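Below is one structure; the comments refer to it alone.
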Amino acid sequence: MQPYQRPPEGGKVSFLYGLIFGLGMFLVGVIFYCINAFLLSSSPILALLIGGLAGLIDLGLFFLVGTLAARKTGRVGTATIAGIWTAVFDGVPYAIFATIMFFTVTLHRLSVSQSTSSSFSPAATRSIQTAGGILGVVISLLLTIGFGAGMGALGGLLGRSLARKSGNPYLAGPVPYGQPPYPGQPFYGQPPYPGQPFYGQPHPGQPPYGQPYPGQPYPAQPPQSPSYPGQPAYGQPNPGQSNPNQPEVGSSQPGQSAYESSQLEPTQRAGSSYSFPQPGQPAYRPSVPERPAEAQREQSPAEDKTVYASGPQAGARPSAANNYPNADSDKPSDEQLPYRPN
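Yeah, the sequence shown ends on 342 if you go by full-length UniProt numbering, and it's all consecutive.
Written out as structure tokens, the structure is:
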């Protein structure tokens with residue numbers, strides 16, 4: 001098998017074939033034009049047959065250039081572009097040549113033959129003939145380019161199939177059995193790379209699927225990360241704390257005063273098994289015991305005594321000798337006084 005080679009650029013191939021075949025077809029067209037203009041001018045039927053033969057030759061050459069271009073590169077697009085280039089290099093020079101021959105030879109013959117039978121003036125007749133000749137040249141050029149592209153594409157289909165059958169080195173054909181597609185890759189039926197097992201088998205030194213490596217826990221068992229000195233393992237409460245999500249025993253909760261925290265039962269304090277209310281439930285409000293009423297203070301006998309003013313302006317203090325009650329004695333109440341009728 002021939003090694004795969006990079007195909008040549010399609011633009012260069014199409015341009016080269018178009019230039020060669022286009023100039024060749026131009027020369028063939030000049031020859032046929034001269035034959036019809038100088039040798040067969042008196043026989044229009046024979047001139048028409050010669051012109052038809054020249055057209056068939058042009059179509060065949062367009063098909064041939066497309067076949068060769070596609071056989072060279074293996075692409076139909078290259079053949080189509082080659083047909084267009086052939087039509088350009090054939091049609092443009094031929095249009096220039098035909099225009100020159102029309103004004104020098106053909107127009108003079110037409111003006112002489114129609115001068116006696118035409119109802120128009122010679123100037124009008126010449127203008128009509130000139131416009132018709134130029135329009136015919138332009139239409140012939142456009143038709144030549146169109147036929148060149150179409151026949152080149154048809155020839156490209158044939159050329160691509162011929163390139164595949166002949167084993168074109170520019171085409172990447174199928175890889176034969178038992179040969180590696182690229183250097184450095186294994187053959188068919190061998191493991192993809194040396195040292196790698198087949199699909200579904202573990203690598204050397206790797207445990208089967210679902211079993212852990214030596215010294216590693218099972219997939220369902222969480223890894224035990226080493227804890228720092230003085231810090232408990234992950235998920236374990238601190239020393240002296242039953243629940244890491246609750247504060248220490250005796251500390252008040254957020255929004256709770258120290259007095260309310262002290263009035264809670266031991267089972268309701270922080271750090272115990274007391275469950276806090278869930279979202280949407282009213283907060284727990286422990287009952288606060290009523291404070292005991294203060295005992296009424298008894299008045300001493302000294303506080304019930306009448307206090308008299310003292311000083312130089314103070315009057316004489318009554319004494320018990322004038323039958324006045326003693327100021328130091330207890331004052332009787334209204335209930336203890338004897339009844340005196342008015």
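The beta-carbon is built from N, C-alpha and C at its ideal position, and this holds for glycine as well. Treat the numbers as computed from the prediction; the structure is a model and nothing was measured.
Shown here for Ile84: same chain residues with a beta carbon closer than 6 Å to its own, the five before and five after excluded, namely Gly148, Ala149 in chain order. Of all alpha-carbon atoms in Ile35, Leu27, Leu56, Ala82, the one lying nearest the alpha-carbon of Gly66 is that of Ala82.
Classified as exposed, Phe38 has fewer than 16 neighbouring CB atoms from the shown chains inside 10 Å of its CB. Gly152 sits away from Ala47, with the two beta carbons spaced by 9 Å or more.
Residues of the same chain with a CB within less than 6 Å of the CB of Ala95, apart from the 5 flanking positions on each side, are Val137, Leu141 in chain order. If you check the CB distance, Tyr17 and Ala69 come in under 9 Å. Contact between the stretch 47-59 and the stretch 102-112 is absent, with fewer than three C-beta pairs closer than 8 Å. If you draw a straight line from the Cα of Gly11 to the Cα of Leu40, it is about 41 Å long.
For a cut-off of 8 Å, the C-beta gap from Leu154 to Phe63 is around 6 Å, short enough to register as a contact.
The straight-line gap separating the alpha-carbon atoms of Phe32 and Gly55 is approximately 10 Å.
Contact check for Phe89 against Leu158 fails: the beta carbons are separated by 9 Å or more.
By the Cβ neighbour-count rule, Gly132 is exposed, with fewer than 16 other Cβ atoms within 10 Å of its own.
Counted as a single uninterrupted DSSP element, the alpha helix (DSSP H) harbouring Ser140 occupies residues 122-165. Here DSSP, grouped into helix, strand and coil, assigns Ser111 to helix. In this structure, Met25 lies near Leu61, with their beta-carbon atoms less than 9 Å apart. Sequence-distant Cβ neighbours of Pro93 in its own chain, meaning closer than 6 Å and more than five residues away, are Phe26. When DSSP states are grouped into helix, strand and coil, Leu23 belongs to the helix group.
Between Leu162 and Arg71 the beta-carbon gap is near 5 Å, inside 8 Å, which marks them as a contact. For Thr86, the enclosing alpha helix (DSSP H) covers residues 76-101.
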